[in-house]
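> One structure coming up, written as structure tokens, with questions to follow.
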Amino acid sequence: MVVEVNRFKCGYCGACVGVCPVGALELMETWIEVDDSCTRCGVCAKICPVGALEVKKK
Amino acid sequence: MKDRYDVIVVGAGPGGSITAKTCAEGGLDVLLIEKRQEIGDPVRCAEGVGKDALLKHIEPDNKWIAAEVKGSMLIAPDGTEIKMSEDASSNMKVGYVLERKIFDRTLAQKAAMAGAEVMVKTRATGLLRSNGMVTGINAMYMGETHEIKADIVIGADGIESKVGRWGGIDTSLKPGDIETGVQFLVSNIDPGEYNKFYLGEKYAPGGYQWIFPKGEHTANVGLGILGSKSGNVRAISLLHRFLEINMPQAKIVEMVVGGVPVSGPIKQTVTNGLILVGDAARQSDPLTGGGITNAMDAGKMAGEVCIKAKERGDYSVKTLKEYEDGWRATIGKEISRSLKVKNLFIRLSDEQLNQLAHSLDGVDARTMELPKFLAVLFRKNPKLLWELRSLY
Numbered sequence: 002m003v004v005e006v007n008r009f010k011c012g013y014c015g016a017c018v019g020v021c022p023v024g025a026l027e028l029m030e031t032w033i034e035v036d037d038s039c040t041r042c043g044v045c046a047k048i049c050p051v052g053a054l055e056v057k058k059k
Numbered sequence: 091m092k093d094r095y096d097v098i099v100v101g102a103g104p105g106g107s108i109t110a111k112t113c114a115e116g117g118l119d120v121l122l123i124e125k126r127q128e129i130g131d132p133v134r135c136a137e138g139v140g141k142d143a144l145l146k147h148i149e150p151d152n153k154w155i156a157a158e159v160k161g162s163m164l165i166a167p168d169g170t171e172i173k174m175s176e177d178a179s180s181n182m183k184v185g186y187v188l189e190r191k192i193f194d195r196t197l198a199q200k201a202a203m204a205g206a207e208v209m210v211k212t213r214a215t216g217l218l219r220s221n222g223m224v225t226g227i228n229a230m231y232m233g234e235t236h237e238i239k240a241d242i243v244i245g246a247d248g249i250e251s252k253v254g255r256w257g258g259i260d261t262s263l264k265p266g267d268i269e270t271g272v273q274f275l276v277s278n279i280d281p282g283e284y285n286k287f288y289l290g291e292k293y294a295p296g297g298y299q300w301i302f303p304k305g306e307h308t309a310n311v312g313l314g315i316l317g318s319k320s321g322n323v324r325a326i327s328l329l330h331r332f333l334e335i336n337m338p339q340a341k342i343v344e345m346v347v348g349g350v351p352v353s354g355p356i357k358q359t360v361t362n363g364l365i366l367v368g369d370a371a372r373q374s375d376p377l378t379g380g381g382i383t384n385a386m387d388a389g390k391m392a393g394e395v396c397i398k399a400k401e402r403g404d405y406s407v408k409t410l411k412e413y414e415d416g417w418r419a420t421i422g423k424e425i426s427r428s429l430k431v432k433n434l435f436i437r438l439s440d441e442q443l444n445q446l447a448h449s450l451d452g453v454d455a456r457t458m459e460l461p462k463f464l465a466v467l468f469r470k471n472p473k474l475l476w477e478l479r480s481l482y
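If you read the protein sequences in the order shown, they are chains L and P. Just add 1 to the spot in the first sequence (first one is 1) and you have my numbering. Just add 90 to the spot in the second sequence (first one is 1) and you have my numbering.
Right under this line is the structure:
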């Protein structure tokens, strides 16, 4: 996984899913899942209202 | 759950539920699915709505009305206050602040009473296709997967919509196309009688900060910032700062987070066997962020087109395009205007916003609705707002 979601911060609002250019994110009921298509562009981390996402350097 | 319906609606927010209700009332066999176990929860909304626009769809009910408001109050960066959208003649309250948890569930119940089947904790995981048509969905309920067929699938799956993308419609939002927001329900404050909007970089870069009355001693206090301005600053830290400075006595009793599409109309909202509604179709207002009644209007139109499609036995774009044309000719016009105004306003400095506020000295804006208000503002400030000349 290249985007790490801090579940203790995440409010599962789905904003990150809406901005992902490749559709790599998915909002389940109360958590975000990231799949292999993630390109580490970082848009999700940028727009998260609470700063719950972090792009990992691999 | 059956393995086939006329229409499957993905997402039981206001847009999805009105679509399902409209279809069911027209005699269609409808399934409405919601991935959460509770409809309407968690809330991702400031819950303000205009009475007139809402009451086209539903009779008012105190179960889901948290508060009524007299109008709106804009607060410029230097503190100048401007009241607008009031009904001064009758002194009637013009807006509601909703209890979305109850409101959304009530709408889903209305869809159910009209004949729709409702399933919660049920998530769409993909689309079924055949001969260039969307023909149903893959769904997961309690960890088990199901194939469910339908003539039309409605994507009313919100900001995080996947249904459109699966259908080949690019709904991804750029950072400048989303407001990223945080809100606290706070107690121990005087909420006042107006929905308050604090404008300016100092409060919310590329967005605004709001206080919406939610009943006695209670209000939704939140802010949204433009996604392109988020990163180094976060909505949540700006909101904490606002509360510390302006409402130190406020006690937080609930937290809400969410994103609002402010992209304006997207190019395509239907494809063969598929319709997008509400936030999934990016139909929220780019200036105000309001999306409830637009989604309900769109849902009604979508439902009516589904009924027509069934009568004709044609579920292709040829028939579904009537929805596309319908919403663009109505709510779409306002959304496009709002986009132009938003694109200008996000570039104004706090000083320029103050200047705009002062230009209204001596103007009684109280009874003006937003379009009229903006027209007056343009007349008073043609130079600063020249970019909007095609609108006024």
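Where is the CB? At the ideal position from N, CA and C, for every residue including glycine. Quick caveat, the model's predicted, so the values are computed rather than measured.
How many Å lie between Asp375/P and Ser107/P at the Cα?
Cα to Cα, Asp375/P sits roughly 20 Å from Ser107/P.
> Using 10 angstroms around the beta-carbon of Pro150/P, count the other beta-carbons present and answer buried if the total reaches 16, otherwise exposed.
Flag for Pro150/P reads exposed.
> I need the straight-line Cα distance from Cys14/L to Leu313/P, nearest angstrom please.
Cα to Cα, the separation comes out at about 15 Å.
> In chain P, what lies closer than 9 Å to Val56/L by C-beta?
Chain P residues near Val56/L: none, gap ~12 Å exceeds 9 Å.
> Comparing alpha-carbon positions, which option in Gly138/P, Asp131/P, Glu171/P lies nearest Ala455/P?
Nearest of Gly138/P, Asp131/P, Glu171/P to Ala455/P, Cα basis: Glu171/P.
> Only counting the same chain, and skipping five residues up and downstream in sequence, which positions put a Cβ closer than 6 Å to that of Cys56/L?
Here residue 56/L is Val; the residue named in the question, Cys, does not match the sequence. For Val56/L, where only same-chain residues beyond five positions count, the Cβ hits under 6 Å are Val4, Arg41, Gly43, Ala46.
> Under three-state DSSP, which class holds Leu377/P?
Coil at Leu377/P, not helix or strand.
> What residues from the segment 19 to 31 of chain L come within 9 Å of chain P, judged by C-beta to C-beta, listed N to C?
Listed by position, the residues of the segment 19 to 31 of chain L near chain P (Cβ gap below 9 Å) are Gly19, Val20, Cys21, Pro22, Val23, Gly24, Leu26, Glu27, Leu28, Met29, Glu30, Thr31.
> Closest Cβ-Cβ distance between Asp440/P and chain L: below 9 Å?
Chain L contact via Cβ: absent.
> Looking at the unbroken beta strand (DSSP E) that takes in Val350/P, where does it start and where does it end?
Taken as a continuous stretch (DSSP letters only), the beta strand (DSSP E) holding Val350/P covers 341 to 351.
> Answer yes or no: do Gly317/P and Gly348/P have a C-beta to C-beta separation smaller than 9 Å?
Taking 9 Å as the Cβ cut-off, Gly317/P and Gly348/P do not qualify as a contacting pair.
> Under 8 Å, with one C-beta from each stretch per pair, do the segment 392 to 407 of chain P and the segment 277 to 292 of chain P reach the 3-pair mark?
At 8 Å Cβ cutoff, the stretches do not touch.
> Using the beta-carbon of each residue, which ones in chain L are nearer than 8 Å to Pro355/P?
Per Cβ cutoff of 8 Å: no residues; Pro355/P is ~16 Å from chain L at best.
> Does chain P have any CB closer than 9 Å to the CB of Cys49/L?
True, the Cβ-Cβ gap to chain P drops below 9 Å.
> What's the gap between the Cα of Gly321/P and the Cα of Leu443/P?
Whole-angstrom Cα-Cα distance: 24 Å.
> Is the Cβ of Cys14/L closer than 9 Å to any Cβ of chain P?
Taking Cβ atoms only, chain P reaches closer than 9 Å to Cys14/L, which makes this a yes.
> Tell me, please, whether the segment 163 to 180 of chain P touches the segment 95 to 109 of chain P by the rule of three or more beta-carbon pairs shorter than 8 Å.
Flag = no, the segment 163 to 180 of chain P and the segment 95 to 109 of chain P do not touch.
> Report the partner residues of Ile155/P according to the DSSP bridge assignment.
The partner list for Ile155/P (beta bridge, DSSP) reads Leu188/P.
> Where does Trp32/L sit, in a helix, a strand or coil, going by DSSP?
Note: Trp32/L maps to coil in three-state DSSP.
> Runs of 4 residues minimum, wholly inside the segment 245 to 310 of chain P: which ones carry the alpha helix (DSSP H) assignment?
Within the segment 245 to 310 of chain P, the complete alpha helix (DSSP H) runs of at least 4 residues are 253 to 256.
> With DSSP run on the structure shown, which of helix, strand or coil describes His330/P?
Three-state result, His330/P: helix.
> Does chain L have any CB closer than 9 Å to the CB of Val159/P?
No, Val159/P lies away from the interface with chain L (no Cβ there is under 9 Å from its Cβ).
> Considering only DSSP beta bridges, list what Met174/P is partnered with.
DSSP, once it has assigned bridges, lists Ser162/P as partnering Met174/P.
> Please classify Asn7/L as buried or exposed, where buried requires at least 16 neighbouring CB atoms within 10 angstroms.
The residue is exposed, with fewer than 16 neighbouring Cβ atoms inside 10 Å.
> For Gly213/P, write down the residues that DSSP places opposite it in a beta bridge.
A quick correction: the sequence has Arg, not Gly, at residue 213/P. According to DSSP, Arg213/P bridges with Met230/P.
> So Asp93/P is in the beta strand (DSSP E); what residue range does that whole segment cover?
Asp93/P -> no beta strand (DSSP E), and no H or E assigned at all.
> So with Cβ pairs under 9 Å, would you call Val6/L a contact of chain P?
No, because no Cβ of chain P sits closer than 9 Å to the Cβ of Val6/L.
> In the DSSP output, what is Met182/P paired with across the bridge?
The partner list for Met182/P (beta bridge, DSSP) reads Asp177/P.
> Any idea if Phe335/P is buried or exposed, counting beta-carbon neighbours within 10 angstroms, 16 or more meaning buried?
Checking the sequence, you will find Ile at residue 335/P rather than Phe. Under this definition Ile335/P is an exposed residue.
> Using DSSP with H/G/I as helix, E/B as strand and the rest coil, what is Ala399/P?
Helix, per DSSP.
> Hey, out of Ile259/P, Gly116/P, Ile249/P, whose CA is closest to Leu217/P's CA?
The option with the nearest alpha carbon to Leu217/P is Ile259/P.
> Using only alpha-carbon positions, find the residue among Asp404/P, Ser262/P, His448/P that is nearest to Ile165/P.
Out of Asp404/P, Ser262/P, His448/P, His448/P has the C-alpha closest to the C-alpha of Ile165/P.
> Decide if the segment 415 to 431 of chain P is in contact with the segment 340 to 357 of chain P; the criterion is three or more beta carbon pairs, one per stretch, under 8 Å apart.
The segment 415 to 431 of chain P, when compared against the segment 340 to 357 of chain P, does touch it at the 8 Å Cβ threshold.
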